[in-house]
Amino acid sequence: MLHLRRQIIMLCLVSVSTLHAQMKCEAGKCSTGKEMSVKVPVKDKSVTTTAEKQKREHKLTIEQLFNVRTVTVKKTVSSHKQTNYGYIVEDESLKTDVTAWYSGFVEKLYIDRLYTIVHKGDALVKVYSPEVYKAKQDYLNSIKFNLKHPSSAMLKSAKIKLELLGVSSKEIEHIRQTNKVKRFTTILAPASGWIFEKNINQGSAFKRGKKLFEIVSLKKLWIEVKLYQNELEKIQTLDDFSVNVKGISKIYKAKKSLLYPMLDPKEATATLRLTIDNSDKRLKPGMYVKVSALTDDSSHLVIPRTAAIRKNGSWYAFLSTEFKGEYEPVKIKLKPLDNSYFELLSGLNEGDTVVNNALFMMDSDAQINGIY
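Under the numbering used here, the first residue of the sequence shown is numbered 20, with each subsequent residue one higher.
Below, the structure written as structure tokens:
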């Protein structure tokens, strides 16, 4: 076992190099029996300091001479702050497609630009469809026939056909009350939100199944957060997160909704989805955000980051031995806890004393002899 010894004699020899190497001073007398003095020039004057005065001066310890400070391995109870970053995206459950249930032609476009706010029931576009127009005529004929020859089955069948073509109940009722059929059909917004997609223009022809508009509600949003593989276990225990958005002073609250079941093989990251309320309408898709959460209180055996040093792929600390001023390198296992401390996994016990600055030992004979 190697002990690191601090040789105070060597330092003293350097600091008193003006004295005779063989001289022994005791109680102000040298080995010749004469009084010894050391002259120190101060502002062109000589000041005589006797050995008796030197004896009364404070005697430095090895730790003081070499500035070797030690710390004790201790347990701490802490709440670790988990911080990650991500982007705001639309909540896919609040997206609504407006799809053509029949073929036709655009007669009038009420919403002619993207990112327009619409409300449920607003008119989006007026279209002409030969198929719908014929179905309206059939329904009107069924009403007239039913007056002369009551047949609820035929009337009901004609009404259902209109409903399946997406004709609004309001327009169906208008036909029944007025006995008139409108040539054009108005498509209404099925939900409130923003027009994020528009695939028709004035005069466009469209076929059955074509996506005409996409309406997105932003009252709630998702945050997609990137996580590294070693963070997954910790995230499993967290549900509530604080969200900071650059440029907005408000601190938002978000809830965990889904941890994606796969990792991106290119980036080796997983995606965590959070749900956030946007009732104040200040958040926008695409915003870059910082999310954080406090983990549960837990006990950790810790040492300062300065007390550990890495050598050849392993971590070491310098443990104080039973002999004062002597330390030995001990191989340890640890992991980062925060910016100031490592968590000890093995190699040291609570109460052990280690050198606070392990880098200081790099010039010691322990390294010279290749022990660590």
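By construction, the Cβ of each residue, glycine as well, lies at the ideal position given by its N, Cα and C atoms. The structure presented is a predicted model; accordingly, all values stated were derived computationally and were not measured.
Taking every protein chain shown into account, the CB of residue 327 has 16 or more other CB atoms within 10 angstroms, so this residue is buried. Here the alpha carbons of residue 109 and residue 361 stand approximately 39 Å from one another. Looking only at 371, 209 and 166, the smallest Cα-Cα distance to residue 232 is reached by 209.
Cβ-Cβ distances below 8 Å link residue 350 to 333, 334, 335, 366 and 391 in the same chain, with the five nearest sequence neighbours on each side left out; the list follows chain order.
Selection 95, 243 and 153 evaluated against residue 304 yields 243 as nearest (Cα-Cα). The C-beta distance from residue 121 to residue 151 rounds to 6 Å, short enough to fall under 8 Å. When the Cα atoms are used, residue 291 and residue 194 turn out to be separated by approximately 52 Å.
Secondary structure note for residue 176: it is in no beta strand (DSSP E), and the uninterrupted alpha helix (DSSP H) holding it is 171-183. Nearest to residue 226 by C-alpha distance, out of 296, 282 and 124, is 124. For the set 261, 282, 287 and 286, the Cα lying nearest the Cα of residue 275 is the one of 261. Contact fails between the region 313-324 and the region 293-302, because fewer than three Cβ pairs, one in each stretch, are under 8 Å apart.
With respect to residue 116, residue 238 sits apart: the two C-beta atoms are not nearer than 8 Å.
For the pair residue 373 and residue 92, the CB atoms are nearer than the 8 Å cut-off.
Residue 146: not part of any alpha helix (DSSP H); member of the beta strand (DSSP E) spanning 142-147, first to last residue. Taking all protein chains in view, the Cβ of residue 140 is surrounded by fewer than 16 other Cβ atoms within 10 Å, so the residue is classified as exposed.
If the five residues before and after residue 253 are omitted, its C-beta is found closer than 7 Å to the C-beta atoms of 101 and 314, all from its own chain and listed in chain order. Judged by DSSP in its simplified three-state form, residue 132 adopts coil rather than helix or strand.
Going by DSSP, residue 188 is part of the alpha helix (DSSP H) stretching over 188-197. Within a 10 Å sphere around the beta-carbon of residue 178 sit 16 or more other beta-carbons, which makes this residue buried. Residue state for residue 154 is assigned as helix, using DSSP reduced to three classes.
Every unbroken stretch of the beta strand (DSSP E) spanning 3 or more residues and falling wholly within the region 272-317 is given here in chain order: 288-296 and 307-313.
Residue 245 has its alpha-carbon roughly 22 Å from the corresponding atom of residue 266. In this structure, residue 128 sits away from residue 214, with a CB-CB distance that is not shorter than 8 Å.
In this structure, residue 104 lies near residue 309, with their beta-carbon atoms less than 8 Å apart. Residue 217 is classed as buried because its beta carbon has at least 16 other beta carbons within 10 Å across all chains shown. Here residue 335 is bridged, per DSSP, to 328 and 350. Remark: C-beta atoms of residue 363 and residue 353 approach each other more closely than 8 Å.
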